[in-house]
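Enquirer: Can you keep this structure in mind? I'll have questions shortly.
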Amino acid sequence: MRGLVSLLAVGVSCMYVQAFEFPTTSEHAQTGDSQTVTLERKNVFHLAGKTLKVGDDFPSMLLQTSELSLFDTGVGGKARIFNVLASVDTPVCVQQAQELEAFIKSNPDIASRVDIVAISADTVFAQQRFIKAQGLTNTIYLSDAKDHVFGQQTGMLISELGLLTRSIVVVDAKGKVKHIQRVPELTSLPNLEEAVAIALK
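So this is what it looks like as structure tokens:
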């Protein structure tokens, strides 16, 4: 827990810094009950909720956007990338959000073919502050703060913290999960470029 508090403190002080150096990993771990996630490789936390796997129908949930409207995660029309953040007040999440935003801006055809959706357990007001501070314009932000329904339905809820475990999920236009990477260590990043490539297939 002390490590998380340190990261949160650093995150607040670094909100306006534009580059970090947290590593991208190719490691995958399952979601759901009985799974764990580490912080700085030494603090172990437990996940709660249903296991989400490739081939599953992505669950339909009504979540509130940062603009205070409702968004149905089960209604598509085109492929979606769900970029799951632990908390917008950590530097790892800043890097995760910035890297995907930069990749989309450098490949403008992505936005026309894929919906980019970020989800965290932060309040919508914290997300609004984060979006403004980081100049994020290509991503829909959803809050899982109220009932943690997203965390429960995808098995990405960190029980001890009430936060989401860092992940990226690709869902096709028919609502099927095509790719999921749940990183086993919270200070590492999922492979965003791999997820985009899969979404564009």
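Under mature numbering (1 follows the signal peptide of the UniProt record, and there is no 0), residues -19 to -1, 1 to 182 are what the sequence shown spells out, in order. Beta carbons: idealized from backbone N, C-alpha and C, even for Gly.
1. Among residues of its own chain, excluding the 5 on either side of K127, which ones have a beta-carbon nearer than 8 angstroms to its beta-carbon?
2. Using CA coordinates, which residue listed in M42, I179, A60 and E82 is at the minimum distance from S93?
3. Quick one: using the 10 Å Cβ neighbour count with 16 as the cut-off for buried, is D90 buried or exposed?
4. Can you tell me where the alpha helix (DSSP H) with Q93 in it begins and where it stops?
5. State buried or exposed for residue 184, treating a residue as buried only when at least 16 other CB atoms are found within 10 Å of its CB.
6. To which residues of the same chain is I112 closer than 7 angstroms at the C-beta, ignoring the five residues directly before and after it?
7. Enumerated in chain order, which unbroken segments of the beta strand (DSSP E) with a length of 3 residues or greater are wholly contained in the region 40 to 115?
8. Hey, how far is the Cα of S(-7) from the Cα of E80?
9. In this structure, how does DSSP classify E175 when only helix, strand and coil are distinguished?
10. Assuming the contact rule is C-beta atoms closer than 8 angstroms, L170 and T6 should be a hit. Round their C-beta distance to whole Å, please.
11. What does DSSP give as the partner residue(s) for S140 in the beta ladder?
12. Do the region 26 to 39 and the region 64 to 73 make contact, defined as three or more Cβ pairs closer than 8 angstroms?
13. Inspect the beta-carbon positions of F3 and T168 and report whether they are closer than 7 angstroms.
Expert: Well, looking at it:
1. Q45
2. A60
3. exposed
4. Looking at the sequence shown, residue 93 is not Gln but Ser. Looking at the DSSP string, the run of the alpha helix (DSSP H) that includes S93 is D90 to R94.
5. Only positions -19 to 182 of the chain appear in the structure, and residue 184 is not among them; the question remains open.
6. S47 and Y122
7. 43 to 46, 51 to 53, 60 to 65 and 95 to 101
8. Unreliable positioning characterises S(-7) in this predicted model, as indicated by a pLDDT of 33, which lies under 50. A coordinate reading is not provided.
9. helix
10. 7 angstroms
11. BP columns for S140 are empty, so no partner.
12. no
13. yes
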